[in-house]
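Student: Got a structure for you, written out below as structure tokens; questions coming shortly.
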Amino acid sequence: MRLIEAIRSALSAIMANALRSLLTMLGIVIGVAAVIAMVAIGSGARNLVDSQIRSLGANLAIVTPGNVTQGGARLGAGAASSLTDEDAQAIRREIDGVVAAAPFVQGGAQVVAGGSNWGTRIYGIDLDWFSAREWDVATGRTFDPEEVRRGDIVILLGQTVARNLFGEDDPIDQIVRVRNVPFRVIGVMASKGQSAFGQDQDDVVFVPLDAGRRRVIGRNYAKDRSVGSIFVKFANESDIEPGIESMTELLRQRHRIIGEQEDDFSIRNLTEIANTATASANTLSMLLAAVAAVSLLVGGIGIMNIMLVSVTERTREIGLRLAVGARPRDILRQFLIEATTLSTIGGALGIGLGMGVAYLVAQLAGWPSLVSTNAIFMAVGFSALVGIFFGFYPAQRAAKLDPIEALRRE
Numbered sequence: 001m002r003l004i005e006a007i008r009s010a011l012s013a014i015m016a017n018a019l020r021s022l023l024t025m026l027g028i029v030i031g032v033a034a035v036i037a038m039v040a041i042g043s044g045a046r047n048l049v050d051s052q053i054r055s056l057g058a059n060l061a062i063v064t065p066g067n068v069t070q071g072g073a074r075l076g077a078g079a080a081s082s083l084t085d086e087d088a089q090a091i092r093r094e095i096d097g098v099v100a101a102a103p104f105v106q107g108g109a110q111v112v113a114g115g116s117n118w119g120t121r122i123y124g125i126d127l128d129w130f131s132a133r134e135w136d137v138a139t140g141r142t143f144d145p146e147e148v149r150r151g152d153i154v155i156l157l158g159q160t161v162a163r164n165l166f167g168e169d170d171p172i173d174q175i176v177r178v179r180n181v182p183f184r185v186i187g188v189m190a191s192k193g194q195s196a197f198g199q200d201q202d203d204v205v206f207v208p209l210d211a212g213r214r215r216v217i218g219r220n221y222a223k224d225r226s227v228g229s230i231f232v233k234f235a236n237e238s239d240i241e242p243g244i245e246s247m248t249e250l251l252r253q254r255h256r257i258i259g260e261q262e263d264d265f266s267i268r269n270l271t272e273i274a275n276t277a278t279a280s281a282n283t284l285s286m287l288l289a290a291v292a293a294v295s296l297l298v299g300g301i302g303i304m305n306i307m308l309v310s311v312t313e314r315t316r317e318i319g320l321r322l323a324v325g326a327r328p329r330d331i332l333r334q335f336l337i338e339a340t341t342l343s344t345i346g347g348a349l350g351i352g353l354g355m356g357v358a359y360l361v362a363q364l365a366g367w368p369s370l371v372s373t374n375a376i377f378m379a380v381g382f383s384a385l386v387g388i389f390f391g392f393y394p395a396q397r398a399a400k401l402d403p404i405e406a407l408r409r410e
């Protein structure tokens with residue numbers, strides 16, 4: 001019952017000076033709102049970066065051509081292709097944990113359909129591409145093994161290309177021309193969205209690997225069955241590092257690289273890049289929250305200040321309470337409850353304001369936000385602790401007043 005009476009007394013004291021209490025809570029309101037908004041925006045950014053990088057596919061490594069030397073001249077990485085179909089087949093066959101090894105070539109060209117045309121990226125791929133990139137067909141079908149083996153002139157369109165060439169019409173079984181070669185549309189890929197590098201992944205078309213090498217992208221690839229790069233997908237993330245070491249040994253052996261000779265290929269762990277980007281986004285999110293939390297401390301100082309003023313104003317009331325039998329701990333509890341109530345109400349108002357700010361930023365800037373339940377509970381809990389911490393000294397000061405001296409105060 002004493003606790004209930006203390007709460008009622010605290011609420012009465014707060015309502016008796018409503019404007020002052022509101023201004024006191026303002027620091028806590030702004031602090032909690034800033035924490036909620038910053039954490040929400042940071043979490044949204046982390047999820048956006050993560051989803052964009054993961055859209056490449058999970059547990060991926062990519063093998064690309066390395067430095068090439070011709071006639072004593074170092075031509076630089078990627079100047080000439082040093083990878084072939086056979087390299088991909090050997091990786092698929094001999095490296096433990098590999099579930100797909102997808103060689104591909106790429107280039108750019110204008111795609112023409114009737115009176116419409118669209119400039120886009122063209123990939124020559126094999127069947128492993130779809131499992132490596134975790135990319136499905138939305139309508140129609142993928143290539144069948146015979147089409148890939150023969151290099152048939154069939155094509156899959158990305159969503160952006162299909163929309164710009166055919167609008168709302170069904171492109172299946174329509175003919176499009178790529179560098180004057182007529183390709184029959186057999187499917188439209190599912191949407192992948194924007195990549196982590198800001199590139200529209202749906203602005204692309206796919207053709208069988210041999211068709212791309214021989215008919216579209218260039219004869220340099222076709223003459224020795226070379227490829228531009230190889231995506232390698234592993235069953236588990238733990239397989240990637242040992243798999244990369246095994247691939248390095250395998251490709252050095254296949255390319256007859258001995259001793260201290262420089263590799264003519266390079267292998268990158270895309271999962272590691274994704275984890276690094278996610279960790280950076282996490283760090284940014286925590287930094288934003290820490291900066292915002294400073295305003296909570298400022299709000300706590302405001303609560304201490306106003307509670308000290310309240311103790312001074314109510315000295316005679318405190319002396320009267322002590323004189324009629326109230327114990328010092330009752331006075332301590334009353335003022336602690338007042339301080340905690342101020343900060344908790346401010347925290348609740350701050351949650352609403354923070355969620356509103358996060359939503360507004362998401363709508364105006366197109367920046368995603370994700371309000372975390374954990375962040376809400378932490379903000380409210382921290383605001384209550386701020387009230388207890390900064391309210392303790394004024395409450396203790398009130399509890400230690402001498403009732404006789406207190407009653408003498410004007």
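No gaps in the numbering here: position 92 of the sequence shown is 92 in the UniProt record's numbering, and each next residue is one more. For every residue, glycine included, the Cβ atom is placed at its ideal position computed from N, Cα and C. For clarity, every value in this text was computed on a predicted model and none was experimentally measured.
(1) For chain D, find out if any of its Cβ atoms is closer than 8 angstroms to the Cβ of Ser-266; answer yes or no.
(2) According to the neighbour-count rule (16 or more other Cβ atoms, all chains shown, within 10 Å of its Cβ), is Met-1 buried or exposed?
(3) Based on DSSP bridge pairs, tell me the residues matched to Ser-226.
(4) Give the DSSP-derived three-state secondary structure of Gly-66 in the structure shown.
(5) Just curious, the alpha helix (DSSP H) that Arg-177 is in, first and last residue?
(6) Which residue marks the beginning of the beta strand (DSSP E) containing Val-154, and which one marks its end?
(7) Counting along the chain, where does the beta strand (DSSP E) carrying residue 415 start and finish?
(8) Counting pairs of beta carbons, one from the segment 158–167 and one from the segment 140–150, are three or more of them closer than 8 angstroms?
(9) Can the beta-carbon of Ala-100 be found closer than 8 angstroms to that of Asp-128?
(10) Check Gly-193 in the structure and name its three-state DSSP category.
(11) Within the same chain, show all residues whose beta-carbon is closer than 7 angstroms to that of Val-205, passing over the 5 residues directly before and after it, in chain order.
(12) Give the list of continuous alpha helix (DSSP H) stretches no shorter than 4 residues that lie fully inside the UniProt domain "ABC3 transporter permease C-terminal" (290–403).
(13) Please confirm whether Ser-82 and His-255 have their CB atoms less than 8 angstroms apart.
(14) Using a threshold of 8 angstroms, state whether the C-beta atoms of Asp-126 and Ala-211 are closer than that.
(15) Using DSSP with H/G/I as helix, E/B as strand and the rest coil, what is Thr-139?
(16) In the DSSP assignment, what are the bridge partners of Asn-236?
(17) So the beta strand (DSSP E) Pro-208 belongs to, where does it begin and stop?
(18) To the nearest angstrom, how far is the alpha carbon of Ala-88 from that of Ala-102?
(19) Can you tell me whether Arg-8 is buried or exposed? The criterion is at least 16 other CB atoms within 10 Å of its CB, across all chains shown.
(20) Along the chain, where does the alpha helix (DSSP H) that runs through Pro-145 open and close?
(21) Run through the DSSP bridge pairs and tell me what Gln-110 is partnered with.
(22) Give me the residue from Asn-47, Ala-395, Phe-389, Arg-329 with the minimum Cα distance to Asn-282.
(23) From Ala-398, Val-357, Ala-279, Ile-28, pick the residue whose C-alpha is nearest to that of Arg-327; which is it?
(24) Specify, as a first and last residue, the run of the beta strand (DSSP E) that Arg-268 falls within.
(25) DSSP puts Val-98 in a beta bridge; with which residues?
(26) Take the Cβ of Met-15 as the centre, count every other Cβ of all protein chains shown within 10 Å, and call the residue buried at 16 or more, exposed below.
(27) Which word fits Asp-184, buried or exposed, when buried means at least 16 other C-beta atoms lie within 10 angstroms of its C-beta?
(28) Would you kindly work out how many angstroms separate the C-alpha atoms of Leu-19 and Thr-271, rounded to a whole number?
(29) Can you give the Cα-Cα distance for Leu-209 and Gly-124, rounded to whole angstroms?
(30) Please name the residue or residues paired with Asp-170 in a DSSP beta bridge.
(31) In the DSSP assignment, find the alpha helix (DSSP H) that holds Asp-128 and state where it starts and stops.
(32) With distance defined between alpha-carbon atoms, name the residue in Gly-187, Val-98, Pro-171, Ala-109 nearest to Gly-140.
(33) Secondary structure at Arg-184, three-state DSSP: helix, strand or coil?
(34) For Ile-172, which residues of its own chain have a beta-carbon under 8 angstroms away from its beta-carbon, when the five flanking residues on both sides are left out?
(35) As a quick exercise: from Val-361, Val-294, Ala-132, Arg-333, pick the residue whose alpha carbon is nearest that of Val-32.
(36) With DSSP as the reference, label Leu-19 as helix, strand or coil.
Tutor: According to the structure shown:
(1) Note that chain D does not occur in the displayed structure, where there is just one protein chain.
(2) Counted from its first residue, the sequence shown places residue 1 at position 1. Annotation note: pLDDT 44 at Met-1 (below 50); position unreliable, coordinate value reported separately. Label assigned to Met-1: exposed.
(3) Position 226 of the sequence shown, counted from the first residue, corresponds to residue 226. Thr-84, per the DSSP bridge assignment.
(4) Counting from 1 along the sequence shown, the entry for residue 66 is found at position 66. Reduced to three states, the DSSP call for Gly-66 is coil.
(5) Taking the sequence shown and counting its residues from 1, one reaches residue 177 at position 177. It is not in any alpha helix (DSSP H) - Arg-177 instead sits in the beta strand (DSSP E) that spans 175–178.
(6) The residue you call residue 154 lines up with position 154 of the sequence shown. Counting along the chain, the beta strand (DSSP E) containing Val-154 begins and ends at 154–157.
(7) For the chain, the structure presents residues 1 to 410; residue 415 sits outside this window and is missing.
(8) no
(9) Position 100 of the sequence shown, counted from the first residue, corresponds to residue 100. Position 128 of the sequence shown, counted from the first residue, corresponds to residue 128. In this structure, Asp-128 lies closer than 8 angstroms to Ala-100 by Cβ.
(10) The residue given as residue 193 occupies position 193 in the sequence shown. If DSSP states are grouped into helix, strand and coil, Gly-193 belongs with coil.
(11) Counting from 1 along the sequence shown, the entry for residue 205 is found at position 205. Closer than 7 angstroms at Cβ, skipping near neighbours: Val-111, Thr-120, Ile-122, Ile-155, Leu-156, Leu-157, Gly-158, Val-161.
(12) 315–323, 328–365, 373–399
(13) Start at 1 with the first residue of the sequence shown, and residue 82 comes out as number 82. Start at 1 with the first residue of the sequence shown, and residue 255 comes out as number 255. Yes, Cβ-Cβ distance for Ser-82 and His-255 is below 8 angstroms.
(14) As a working note, residue 126 is residue 126 in the sequence shown. As a working note, residue 211 is residue 211 in the sequence shown. No. Outside cutoff.
(15) In the sequence shown, residue 139 corresponds to position 139, counting from 1. Looking at Thr-139 - three-state DSSP - the assignment turns out to be strand.
(16) As a position in the sequence shown, residue 236 is number 236, starting the count at 1. Answer by DSSP bridge pairing: none, since Asn-236 is not bridged.
(17) For the purposes of this step, residue 208 is identified with residue 208 of the sequence shown, where counting begins at 1. Element bounds for Pro-208: 204–208.
(18) Here the question's residue 88 lines up with position 88 in the sequence shown. Here the question's residue 102 lines up with position 102 in the sequence shown. Cα-Cα distance, rounded: 7 angstroms.
(19) Within the sequence shown, the letter at position 8 stands for residue 8. Answer is exposed; the Cβ neighbour count stays below 16.
(20) Indexing the sequence shown from 1 puts residue 145 at position 145. Element bounds for Pro-145: 145–150.
(21) Taking the sequence shown and counting its residues from 1, one reaches residue 110 at position 110. The partner list for Gln-110 (beta bridge, DSSP) reads Gly-119.
(22) Numbered from 1 along the sequence shown, position 282 holds the residue referred to as residue 282. For Asn-282, the nearest C-alpha among the options comes from Asn-47.
(23) Within the sequence shown, the letter at position 327 stands for residue 327. Residue Ala-398 is the option with its Cα nearest to Arg-327.
(24) If you number the sequence shown from 1, residue 268 lands on position 268. Taken as a continuous stretch (DSSP letters only), the beta strand (DSSP E) holding Arg-268 covers 265–269.
(25) Position 98 of the sequence shown holds residue 98. DSSP output for Val-98 lists Phe-234 as bridge partner(s).
(26) The residue given as residue 15 occupies position 15 in the sequence shown. Under this definition Met-15 is an exposed residue.
(27) On the sequence shown, position 184 is the one that residue 184 refers to. Note on residue identity: the sequence assigns Arg, not Asp, to residue 184. Looking at its Cβ environment, which holds fewer than 16 other Cβ atoms inside 10 Å, Arg-184 is exposed.
(28) Taking the first residue of the sequence shown as 1, we reach residue 19 at position 19. Taking the first residue of the sequence shown as 1, we reach residue 271 at position 271. Cα to Cα, Leu-19 sits roughly 55 angstroms from Thr-271.
(29) Along the sequence shown, one-based indexing puts residue 209 at 209. Along the sequence shown, one-based indexing puts residue 124 at 124. Whole-angstrom Cα-Cα distance: 4 angstroms.
(30) For this step, residue 170 is matched to residue 170 along the sequence shown. Note: Asp-170 sits in no beta bridge, so no partner.
(31) The sequence position of residue 128 within the sequence shown is 128, counting from 1. Segment 128–132, the alpha helix (DSSP H) holding Asp-128.
(32) Position 140 of the sequence shown, counting from 1, holds the residue named residue 140. For the residues Gly-187, Val-98, Pro-171, Ala-109, the minimum Cα distance to Gly-140 belongs to Gly-187.
(33) For the purposes of this step, residue 184 is identified with residue 184 of the sequence shown, where counting begins at 1. Arg-184 falls in the strand class under three-state DSSP.
(34) Working through the sequence shown from its first residue, we reach residue 172 at position 172. So the list reads Thr-139, Gly-140, Val-185, Ile-186, Gly-187, Val-188, once near-sequence residues are dropped.
(35) Within the sequence shown, the letter at position 32 stands for residue 32. Comparing Cα positions, the closest option is Val-294.
(36) Taking the sequence shown and counting its residues from 1, one reaches residue 19 at position 19. Three-state result, Leu-19: helix.
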